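Visitor: Provided herewith is a single structure, encoded as C-alpha cells, for subsequent inquiry.
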Amino acid sequence: MEGGAQVGRRGSAGHEALPNPDHEVMDYSQRIARQVAAIPRSGIRDFFELVLGRDDVISLGVGEPDFATPWNIREAAIHSLEKGQTSYTSNLGLLSLRKLIGGYVHGFFDVEYDPASEVLVTVGVSEALDIALRALINPGDEVLYHEPCYVSYMPSVVMAHGVAVAVATHKRDGFSLKPEELAKAITPKSRVLLLNFPTNPTGAVASNEDLAGIAKLCIEHDLICITDEIYSELRYDGVKHVSIASLPGMRERTILLHGFSKAFAMTGFRLGYACAPSPLIEAMMKIHQYAMLCAPITSQAAAIEALENGAEPMQRMKESYHERRDFFVRRLNEMGIDCHLPGGAFYVFPDVRKFGLSSKDFAMGLLEAQSVAAVPGDAFGPSGQGFLRCCYATAFDQLQEAADRIEKYIGTLG
Ligand code: PMP
Numbered sequence: 002m003e004g005g006a007q008v009g010r011r012g013s014a015g016h017e018a019l020p021n022p023d024h025e026v027m028d029y030s031q032r033i034a035r036q037v038a039a040i041p042r043s044g045i046r047d048f049f050e051l052v053l054g055r056d057d058v059i060s061l062g063v064g065e066p067d068f069a070t071p072w073n074i075r076e077a078a079i080h081s082l083e084k085g086q087t088s089y090t091s092n093l094g095l096l097s098l099r100k101l102i103g104g105y106v107h108g109f110f111d112v113e114y115d116p117a118s119e120v121l122v123t124v125g126v127s128e129a130l131d132i133a134l135r136a137l138i139n140p141g142d143e144v145l146y147h148e149p150c151y152v153s154y155m156p157s158v159v160m161a162h163g164v165a166v167a168v169a170t171h172k173r174d175g176f177s178l179k180p181e182e183l184a185k186a187i188t189p190k191s192r193v194l195l196l197n198f199p200t201n202p203t204g205a206v207a208s209n210e211d212l213a214g215i216a217k218l219c220i221e222h223d224l225i226c227i228t229d230e231i232y233s234e235l236r237y238d239g240v241k242h243v244s245i246a247s248l249p250g251m252r253e254r255t256i257l258l259h260g261f262s263k264a265f266a267m268t269g270f271r272l273g274y275a276c277a278p279s280p281l282i283e284a285m286m287k288i289h290q291y292a293m294l295c296a297p298i299t300s301q302a303a304a305i306e307a308l309e310n311g312a313e314p315m316q317r318m319k320e321s322y323h324e325r326r327d328f329f330v331r332r333l334n335e336m337g338i339d340c341h342l343p344g345g346a347f348y349v350f351p352d353v354r355k356f357g358l359s360s361k362d363f364a365m366g367l368l369e370a371q372s373v374a375a376v377p378g379d380a381f382g383p384s385g386q387g388f389l390r391c392c393y394a395t396a397f398d399q400l401q402e403a404a405d406r407i408e409k410y411i412g413t414l415g
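Now the structure itself:
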C-alpha cells in the first residue's frame, strides 16, 4: 500500500525501511467516527468466537430458526431466477408484494396501510430499524427502549446520533415494559420510543393494559413509536398478538416494523418492511434509495410466495416452537433453575443468580464443562445480569441433551 510505505519510511531512523506487515502503519484510532468508536463490541460476538471451531457444542445461542425456509418459498425464489428476474425493483419494493403486505398487515395487526405510499420493503428489519431511526433523530434526541433488548438497538441509536435511554425491565414483570417505569424515563428531549414485543432476548409480551398505558404516554409526550414486531406470529397459548399501532391515536405516530426472517424461517433472504404514514415512509425512502436502492428481487419473489402460501408451514413451525418452549421451561424448573414461561419469540431467559456466578461466568463454565452454548444475559443490557438467553429453536433431541448437560453442570456448582 502506497501510504503505508511512506509512513514506514518516515518512521525509520535514516535507512530505507520496507513496510512491515507486523507494524501498524497508520493510527486508525483517530480516523474512526466518534460515534462508531464509542460502540462497544457485541458480547454475543465475543462469546461466539469461543464457540467457533468446536463441533461438540450444542448451541442455544443463535437467534434464528433451525428450519430451512419452507420448500415452496425456496422454489419461488428459484423460479424467479429461472425467469430471469434479476433486475432492480421499484425503490419501495415490488407493488405486488407491497399489496400483499398491506393485506397481511391489515388481517394480522388490524391496521390499514396504503401499499402505494405507506409500505416500504427493506433489507430485513435491520435496515428498516436503521433508516427509521436515521429519518427521525436529530443529534441529541433521546430514544427510549426497554432493556434487556436486541443487541442492535443501542448501537443503531448511537450511529443515528441519538441518545440511547434504556428503561430496565424486570423478572417480576415477566420482563415486560411497565408504563410507570417508562414515564420516569421521559424527558423533554425524548422523541422516539422503540418497542419490541415479543422481546428478544426474554420472550416477553405486553399485556393489553400495559400497551394502552404505553400508548397514552406516547400521545401525551408526542413520541413517535417504532415497534419491532418481528416475532409477532410466534405468540403461544392461543393468545392473539396486539400491535400498539392498532390502538386509538397510535397509527399516525407509529412505524411498524416486520419481516420474514423469523416466522417464515427466511433469515438469509434478508427481507423486511416498514409500514407508516406516508411522510414517514417518504423520509425513510430517501435514505433507503441512496443507501440500498431496493431489496433483492429474488427475496421479494420468495416473500410473495410466503404471504400467498406460507401460512401452513409457518403454523407447523410455530407448533414445534411451542412444544419446545414448554419442554425446555419445564425441564429447567424441574432441575431447580428458575425460568418464567415467556409468551412469545423462541427464547427463554432463565435466572441463574442463585448459583452465585455472573451470567458470563455461568455461561463460560457451562461451555467449558458441558459444551452447551447459551448467551450471557447481560450481553442484552445490564438488567440481563444474572440471566442466560437460551434459544430453543434447536432440534428437539439437541434440546433434550442440552437440558441433561445443564443439569449435570449445575450439579457441580454446589
Ligand atoms: N429485531 C429483533 C428483535 C431481532 O431479534 C432480529 C434478529 N435477531 C432483528 C430485528 C433483525 O431481523 P432481520 O433478519 O429482519 O434483519
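Under this note's numbering, read the sequence shown as residues 2 to 415, first letter to last.
Yeah, the Cβ is synthetic: ideal placement off N, Cα and C, and Gly gets one too.
Since this is a predicted model, take the numbers as computed values, not measurements.
(1) Residue 55 by DSSP, collapsed to three states: which one?
(2) At the level of alpha carbons, what is the spacing between residue 124 and residue 157?
(3) Do residue 125 and the ligand PMP come close, with the Cβ less than 8 Å from some heavy atom?
(4) Provide the residue span of the beta strand (DSSP E) that contains residue 169, from first to last.
(5) Check whether the region 58 to 69 and the region 84 to 104 are in contact - that is, three or more C-beta pairs closer than 8 Å.
(6) Identify whether residue 281 lies in helix, strand or coil by the three-state DSSP scheme.
(7) Distance check for residue 408 and residue 198, CA to CA, integer angstroms please.
(8) Is the separation between the beta-carbon of residue 273 and that of residue 74 shorter than 9 Å?
(9) Here's the rule I'm using: 16 or more other beta-carbon atoms within 10 Å means buried, otherwise exposed. How should residue 55 be labelled?
(10) What separation, rounded to the nearest whole angstrom, lies between the Cα atoms of residue 242 and residue 355?
(11) In terms of residues, what are the limits of the alpha helix (DSSP H) holding residue 154?
(12) How should residue 27 be labelled, buried or exposed, when 16 other C-beta atoms within 10 angstroms of its C-beta is the threshold for buried?
(13) If you measure from the CB of residue 234, is any heavy atom of the ligand PMP nearer than 8 Å?
(14) Can you find the residues in the same chain that come closer than 6 Å, C-beta to C-beta, to residue 70, ignoring five residues on each side of it along the sequence?
(15) Just how far apart, CA to CA, sit residue 257 and residue 227?
(16) Looking at the structure shown, is residue 38 part of a helix, part of a strand, or coil, going by DSSP?
(17) Between residue 52 and residue 189, what straight-line distance do the alpha-carbon atoms span, to the nearest angstrom?
(18) Indicate whether the contact test is met: 3 or more Cβ pairs, each with one atom in the region 98 to 111 and one in the region 327 to 341, closer than 8 Å.
(19) For a test of your reading of the model: does the CB of residue 153 fall under 8 Å from any non-hydrogen atom of the ligand PMP? Yes or no.
(20) Across the region 123 to 141 and the region 362 to 376, are there enough close Cβ pairs to call them in contact, namely three or more that are closer than 8 Å?
(21) Which term fits residue 249, buried or exposed, when burial requires 16 or more other beta carbons within 10 angstroms of its beta carbon?
(22) Could you name each continuous alpha helix (DSSP H) segment of 4 residues or more that falls completely within the region 74 to 112, going from the start of the chain to the end?
(23) Report buried or exposed for residue 96, applying the criterion of at least 16 other Cβ atoms within 10 angstroms of its Cβ.
(24) Is it true that the CB of residue 346 sits closer than 9 Å to the CB of residue 68?
(25) Any heavy atom of the ligand PMP closer than 8 Å to the CB of residue 416?
(26) Let me know if residue 413 comes out buried or exposed under the rule of 16 or more other beta-carbons within 10 Å of its beta-carbon.
(27) Considering only C-alpha positions, which residue in the set 187, 235, 245 is nearest to residue 254?
(28) Quick check: residue 283 and residue 91, are their CB atoms within less than 9 Å of each other?
(29) Between residue 236 and the rest of its own chain, which residues show a CB-CB distance below 7 Å, the 5 nearest in sequence each way excluded?
(30) Looking at the structure shown, is residue 272 part of a helix, part of a strand, or coil, going by DSSP?
(31) Just checking my contact of residue 164 with residue 143 at CB under 8 Å: how many whole Å lie between their CB atoms?
(32) Round the Cβ separation of residue 260 and residue 231 to the nearest angstrom and send it over; I've been treating them as touching at under 8 Å.
(33) Leaving out five residues before and five after residue 1 in sequence, what residues of the same chain have Cβ atoms less than 7 Å from its Cβ?
(34) Mark residue 31 as exposed unless 16 or more other C-beta atoms lie within 10 angstroms of its C-beta, in which case mark it buried.
Guide: Put simply:
(1) coil
(2) Going by the C-alpha atoms only, they are around 15 Å apart.
(3) At least one heavy atom of the ligand PMP lies less than 8 Å from the C-beta of residue 125.
(4) Under the DSSP assignment, residue 169 falls in the beta strand (DSSP E) whose first and last residues are 164 to 169.
(5) no
(6) helix
(7) 30 Å
(8) Their beta carbons are not under 9 Å apart, which means residue 273 does not touch residue 74 by this criterion.
(9) Exposed.
(10) Looking at the two C-alpha atoms, the distance is approximately 33 Å.
(11) Note, residue 154: alpha helix (DSSP H), 154 to 160.
(12) exposed
(13) no
(14) 266, 267
(15) Their backbone Cα atoms lie some 6 Å apart in a straight line.
(16) It is helical.
(17) Across the structure, residue 52 and residue 189 are spaced so that their CA atoms are roughly 44 Å apart.
(18) Cβ pair count under 8 Å is below three, so no.
(19) yes
(20) no
(21) exposed
(22) Fully enclosed alpha helix (DSSP H) runs of 4 or longer: 96 to 110.
(23) exposed
(24) 9 Å or more divides the Cβ of residue 68 from the Cβ of residue 346.
(25) For residue 416 there is no data in the structure shown, the boundaries of the chain being 2 and 415.
(26) Exposed is the label assigned to residue 413, since fewer than 16 other Cβ atoms lie within 10 Å of its Cβ.
(27) 245
(28) no
(29) 199, 206, 242, 344, 345
(30) coil
(31) 5 Å
(32) 6 Å
(33) Coverage of the chain is limited to positions 2 through 415, which leaves residue 1 absent and any answer about it impossible.
(34) So residue 31 ends up on the exposed side.
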